[in-house]
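Note that this note's numbering has the sequence shown beginning at 5, numbered continuously upward.
Just so you know, even glycine gets a beta-carbon here, dropped at the ideal spot from N, CA and C.
Below: the structure, in structure tokens.
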Amino acid sequence: MSLDPPRPAQWDDPQSTGCGIVARPGARPPARLAGLAHPRPQRCSDPKRVRIILARHGRPAWDFGTPICGRDFAAWRRGEDAAPLDPQSRPDPALDRLIRSAACVFTSPLKRSRESAALLVPGMSSVVAAEFREADLPSEFRSGLRLRPGLWGLLARSAWLCGWSAGVDSLAMVRERAKQAAALLQERAAREDVVALIGHGMMNMLIARELRAAGWRGPRLPSRRHWGFAVYERGGPRPSAS
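Right under this line is the structure:
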């Protein structure tokens with residue numbers, strides 16, 4: 005039997021469990037440290053993940069290939085707005101599955117937006133809001149030059165971005181509307197977890213910009229092709245770096 009006095013318990017072992025303190029086997033910790041030996045499991049602090057899906061409408065059944073005069077561009081645009089969806093243009097199956105996960109689907113008042121939503125989620129009543137309407141194109145061309153409608157649209161959009169907004173909302177006005185649209189989506193997503201917008205190319209881009217500025221994770225530019233889409237997320241665990 006050893007006559008040496010017992011050694012005091014050691015509490016400065018650097019091989020700790022994260023607190024810098026660990027008890028040696030057989031030693032009894034002081035009362036103020038007893039709780040550290042069996043720490044309570046910590047709850048996950050990650051908030052729930054919510055999603056906003058931005059999708060573009062399907063292709064309208066309209067003539068995009070025949071060249072037109074610049075002075076006819078306004079009439080061509082009115083025809084596009086009134087055209088039904090092209091039955092040959094079908095959504096990607098991935099978009100079809102994704103939209104069905106949404107508790108609420110928003111559309112603009114334009115026919116191509118509403119019909120696209122009806123095709124994707126038949127039987128679901130979509131929420132129509134003017135905030136999601138496409139940024140209109142100025143179309144007061146006087147030229148007799150014949151170009152494809154898509155090229156006239158590109159010229160009109162470029163001029164609009166540079167400040168020409170004859171007869172339509174300016175870029176500043178549309179950006180303000182995009183803020184309101186993004187706020188609508190965020191407010192509904194906070195309650196419903198997953199919401200979707202079947203919108204338009206330029207407006208979706210401006211809404212995406214507002215979402216990213218508010219901390220949502222997603223692509224800087226959503227797809228502008230017909231039936232293209234992008235997903236924006238907030239909350240939940242962040243994706244690990246690859």
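- Contact check for leucine 99 against alanine 65 fails: the beta carbons are separated by 9 Å or more.
- Ranking Leu155, Ala185, Trp156, Ala176 by CA distance to the CA of leucine 165 puts Ala176 first.
- Taking 9 Å as the cut-off, the Cβ atoms of arginine 238 and alanine 193 count as close.
- A straight-line Cα-Cα distance of about 15 Å links proline 113 and methionine 206.
- Nearest to leucine 141 by C-alpha distance, out of His230, Val235, Trp80, is Trp80.
- Beta-bridge analysis with DSSP links valine 125 to no other residue.
- In the DSSP assignment, glycine 203 forms a beta bridge with Arg60.
- Relative to the Cα of cysteine 73, the nearest Cα in the group Gly157, Ala122, Gln92 belongs to Gly157.
- Pairwise C-beta distances place the segment 117-124 out of contact with the segment 178-192, as fewer than three of them are shorter than 8 Å.
- Taken through DSSP and simplified to helix, strand or coil, leucine 189 comes out as helix.
- In the three-state reduction of the DSSP assignment, arginine 146 falls in the coil class.
- Residues of the same chain with a CB within less than 8 Å of the CB of phenylalanine 68, apart from the 5 flanking positions on each side, are Arg152, Pro153, Gly154 in chain order.
- Nearest Cα to arginine 150 within the set Phe77, Arg63, Pro97: Phe77.
- Cβ neighbours of glycine 148 within its own chain (closer than 8 Å, five residues either side excluded): Cys73, Gly74, Arg75.
- Counting only the Cα atoms, glutamate 135 lies some 9 Å from leucine 188.
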